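In my numbering, the protein residues as written are 7 to 434. Note that CB positions come from ideal geometry on N, CA and C, so glycine has one too. It should be emphasised that the depicted structure is a prediction, and the values quoted were computed from it without experimental measurement. Single-structure report; data block below.
Given below as structure tokens:
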């Protein structure tokens, strides 16, 4: 395995095949399976997938036969990762889910040597299948498992080196009593051996640390895709992020007309592809306008301007983004009509006011906002019309000098009385 860590796969496979032959002669199927898996992983690292598949499957089958559940869980996950490299995302996710069932059944959550290998593969499989919320959640779990594994290995490494030094020191003291000349020779040889051992451990340690550092960077990138950068940094620094009051932000809700009825006439794959295409476009639009995405709920999309860093342009930014989104939906509507597909139309509602923002939960946590402003923005959306942007009187105060708006009456809001509504005239 040391040769494998040093990327000398030819030497590694040479000794692994000799070990496999010995285990085969002894009819030791457990070790035959384990060694087959290691050889398969070497081929994966060399991107020789056709050679890797039968070896990893052999390890998987023997682990299942002998009820080696930890090894089976890892083998399923690594086989799934291999299939993902071969673009079989659906089967890859199926294997990851089977691996997670073993972790759950055998309560292996604290076996970080196992979970640090399985969770990153699970996150990639969910992402490849378009389940981004689950991908982000398992990326975070992978980040934690890798850090905990690194801590455990550091403790073992330091303890092992210290124990080695203690033994050598005691041996040198005993030999000193026998003869000064003999003691000097033994001490010299022992020192050389100690340095060699330390250097070997240090080499493996630094190689593993760099590998874990790379995985941590990947996890950080996924974390920043879930949370605002400022909140993510606070979470990593303190282990928590405090909720904050924002006195003036602008919240936007979108919702598709007749989505439930249309979705019943589409296949699951068509439905997910349609929502994904629209929401990806929305993500790009709000990013250009300095707006923070909060979440999606079914076919509803929610975002907010003016946080996590307060600014004075939030209302203008959100309205401009809303206009751009409706233009996108109009073009999308025409393309679906021309291709003979059932088109989608969408309502948008916007309101300006104060909110509280923060992270909720400790598992599958999410950055969210709360307050009457959120509820009123939702009412603006549900009270609007397809293809239009319905804003409240509060938002109108901020944007009336820049955008042409038409008054459309009042709506009753719980505990807020009557609220004025305006349609923003579409530009272009």
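When the options are compared against residue i, the one with the closest alpha-carbon
i: residue 68; options: 57, 56, 37 and 50; result: 37
i: residue 115; options: 19, 138 and 155; result: 155
i: residue 118; options: 59, 153 and 25; result: 153
i: residue 312; options: 252, 134, 136 and 282; result: 252
i: residue 94; options: 419, 301 and 132; result: 132
i: residue 281; options: 55, 343, 260 and 190; result: 260
i: residue 388; options: 24, 411 and 419; result: 419
i: residue 140; options: 103, 382, 110 and 151; result: 103
i: residue 380; options: 257, 305, 302 and 353; result: 257
i: residue 405; options: 287, 101, 324 and 300; result: 324
i: residue 123; options: 303, 250, 49 and 82; result: 82
i: residue 255; options: 409, 265, 400 and 431; result: 400
Buried or exposed (CB count within 10 angstroms, at least 16 for buried), residue i
i: residue 293; result: exposed
i: residue 164; result: With a pLDDT of only 45 at residue 164, under 50, the local geometry of the prediction cannot be trusted, and no value is derived from it.
i: residue 366; result: exposed
i: residue 30; result: exposed
i: residue 60; result: exposed
i: residue 413; result: exposed
i: residue 423; result: exposed
i: residue 64; result: buried
i: residue 337; result: exposed
i: residue 326; result: buried
i: residue 171; result: Its pLDDT being 48, under 50, residue 171 is placed unreliably by the model, and the measurement read from it follows with that caveat. Residue 171 should be labelled exposed.
i: residue 358; result: buried
i: residue 415; result: exposed
i: residue 298; result: buried
i: residue 332; result: buried
i: residue 198; result: exposed
i: residue 360; result: exposed
i: residue 267; result: exposed
i: residue 28; result: exposed
Bridge partners - residue i, DSSP secondary structure assignment
i: residue 426; result: 416
i: residue 259; result: 308 and 355
i: residue 366; result: 372
i: residue 411; result: 430
Host alpha helix (DSSP H) of residue i (start-end)
i: residue 75; result: 75-91
i: residue 386; result: 378-388
i: residue 126; result: 118-134
i: residue 342; result: 320-344
Where residue i sits in the DSSP three-state scheme
i: residue 251; result: strand
i: residue 357; result: strand
i: residue 373; result: strand
i: residue 398; result: strand
i: residue 150; result: helix
i: residue 406; result: coil
i: residue 32; result: coil
i: residue 53; result: coil
i: residue 171; result: Annotation note: pLDDT 48 at residue 171 (below 50); position unreliable, coordinate value reported separately. Here residue 171 sits in helix by DSSP.
i: residue 110; result: helix
i: residue 302; result: strand
i: residue 297; result: strand
i: residue 164; result: Reliability of the predicted coordinates at residue 164 is poor, the pLDDT of 45 falling under 50, and no value is obtained from them.
i: residue 279; result: helix
i: residue 271; result: coil
i: residue 137; result: coil
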